[in-house]
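J.: The sequence shown lines up with residues 34 to 238 when you count with our numbering.
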Amino acid sequence: GGVREGLLYSELSDEEKKLDPLFEGARFFANRLSPEPAIGEAVASLTETLFANETPAERRIRLATCILSDIGAYFHPDLRAMQAFEMALHAPFYAITHRERLQIAVALHSRHDGKPPSSADEHLLGLISPEERLWAVRLGLAMRFAGALAPKAPAALAGASLVVEDKKLIFRAPQDRLPLMGELPRKRLSALAGAFEAAPVEDYF
34 GGVREGLLYS
44 ELSDEEKKLD
54 PLFEGARFFA
64 NRLSPEPAIG
74 EAVASLTETL
84 FANETPAERR
94 IRLATCILSD
104 IGAYFHPDLR
114 AMQAFEMALH
124 APFYAITHRE
134 RLQIAVALHS
144 RHDGKPPSSA
154 DEHLLGLISP
164 EERLWAVRLG
174 LAMRFAGALA
184 PKAPAALAGA
194 SLVVEDKKLI
204 FRAPQDRLPL
214 MGELPRKRLS
224 ALAGAFEAAP
234 VEDYF
C-alpha cells in the first residue's frame with residue numbers, strides 16, 4: 034500500500050501536494066450533504082475569536098468540523114445528530130488521529146442535538162479526555178447557534194464574532210443582524226454561554 038500511495042503522490046502537482054487531506058475530505062462531504070456548503074467557512078470565521086487560545090492542531094480540527102457543520106441537514110431532525118456522529122466516525126478522512134476524529138463526531142452530535150452522545154457511547158467517549166470532550170461540545174454548541182441565527186445564509190454571519198470576556202460570552206454583530214436574533218438563536222446563545230460558564234451578551238454596532 035505504501036509503495037502504491039507513494040507512486041500516486043508523485044503524480045500530484047505541486048499545488049495538489051499543498052492541500053490538506055482532511056480539509057479536502059470535509060469539503061467533499063459538505064459539497065454533497067450540505068444545502069449551502071459555504072456556510073462552513075462562515076461558521077469557522079464566526080468561531081475564530083471564541084477559540085482564540087487554540088493550538089494549531091485544534092484550529093485544524095475546528096476548521097474541518099465547521100466545514101462539516103451542516104452535513105445532517107437532509108436527514109430527519111430526530112436522526113441528524115447520530116447520523117452526523119456516525120458519518121464523522123466512519124468517513125474516509127485522512128491525516129487525522131482517532132481522538133481528533135472522535136472530537137469532530139462529538140462536535141457534530143452537539144451541533145444537532147445540543148449535547149454529546151448518550152452514555153451508550155461512553156466506551157467511545159472514553160477515548161478522549163474530559164477537556165477534549167468539552168472543547169468539542171463547545172464547538173458544537175457554537176455551530177448550533179450559528180445554524181439557528183443564519184440557517185443556510187453565510188452572508189448573515191459576515192462581520193459577526195463570538196468571544197468570552199470577563200465571564201461574559203459576547204455575540205458581536207452589525208446592527209442589521211438584530212432582527213435575526215429571535216427566541217431560538219437567543220436560547221442557543223444561552224446554551225453556548227453555559228458551556229463556558231459565562232453569561233450571554235449581545236453587542237451590535
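Glycine included, every Cβ here is placed at the ideal spot set by N, Cα and C. In this text the structure is predicted, and so the values were computed from the model without any measurement.
Assuming R210 is part of the alpha helix (DSSP H), what are its boundary residues?
T.: Segment: none, R210 is in no alpha helix (DSSP H) and carries neither H nor E.
J.: Measuring alpha carbon to alpha carbon, tell me which residue in E69, V197, F238, F62 is nearest P184.
T.: E69
J.: Do the region 70 to 77 and the region 86 to 101 meet, that is, are 3 or more Cβ pairs less than 8 Å apart?
T.: Yes, the region 70 to 77 is in contact with the region 86 to 101.
J.: Whose C-alpha, out of P212, R219, P125, W168, is nearest the C-alpha of N86?
T.: W168
J.: Going by C-alpha to C-alpha distance, which of T130, A188, R95 sits closest to I72?
T.: Comparing Cα positions, the closest option is A188.
J.: Whole angstroms are fine: how far does the CA of F61 sit from the CA of G215?
T.: Taking C-alpha positions only, G215 is separated from F61 by approximately 33 Å.
J.: Using only CA atoms, which one of R221, D146, Y237 lies nearest to Q208?
T.: Y237
J.: Using a 10 Å radius around the Cβ and a threshold of 16 neighbouring Cβ atoms, would you call D146 buried or exposed?
T.: buried
J.: Output yes or no for whether 8 Å exceeds the beta carbon distance between L202 and V234.
T.: yes
J.: How close, in whole Å, do the beta carbons of G173 and L141 come, if the pair is a contact with beta carbons under 8 Å?
T.: 7 Å
J.: Assign G227 to one of two classes, buried (16 or more other C-beta atoms within 10 Å of its C-beta) or exposed (fewer than that).
T.: exposed
J.: Within the region 130 to 207, note down every full beta strand (DSSP E) run reaching 3 residues or more, in order along the chain.
T.: 194 to 198, 201 to 206
J.: Do A138 and L122 have their CB atoms nearer than 8 Å?
T.: yes
J.: Mapping DSSP to helix, strand and coil, what is P233?
T.: strand
J.: Among P218, F229, E155, whose alpha-carbon lies nearest the alpha-carbon of A179?
T.: P218
J.: Taking all protein chains shown into account, do 16 or more other C-beta atoms lie within 10 angstroms of the C-beta of S143, making it buried, or fewer, making it exposed?
T.: buried
J.: Should L96 and L195 be called a contact, given that it needs their Cβ atoms to be closer than 8 Å?
T.: No, the pair does not count as a contact, with Cβ atoms beyond the cut-off.
J.: Would you tell me roughly how many angstroms separate the C-alpha atoms of N64 and M120, rounded to the nearest one?
T.: Rounded to whole angstroms, the gap between the alpha carbons of N64 and M120 is 15 Å.
J.: Note down, in chain order, each residue of its chain lying with its Cβ closer than 8 Å to the Cβ of E230, except the 5 sequence neighbours on either side.
T.: K200
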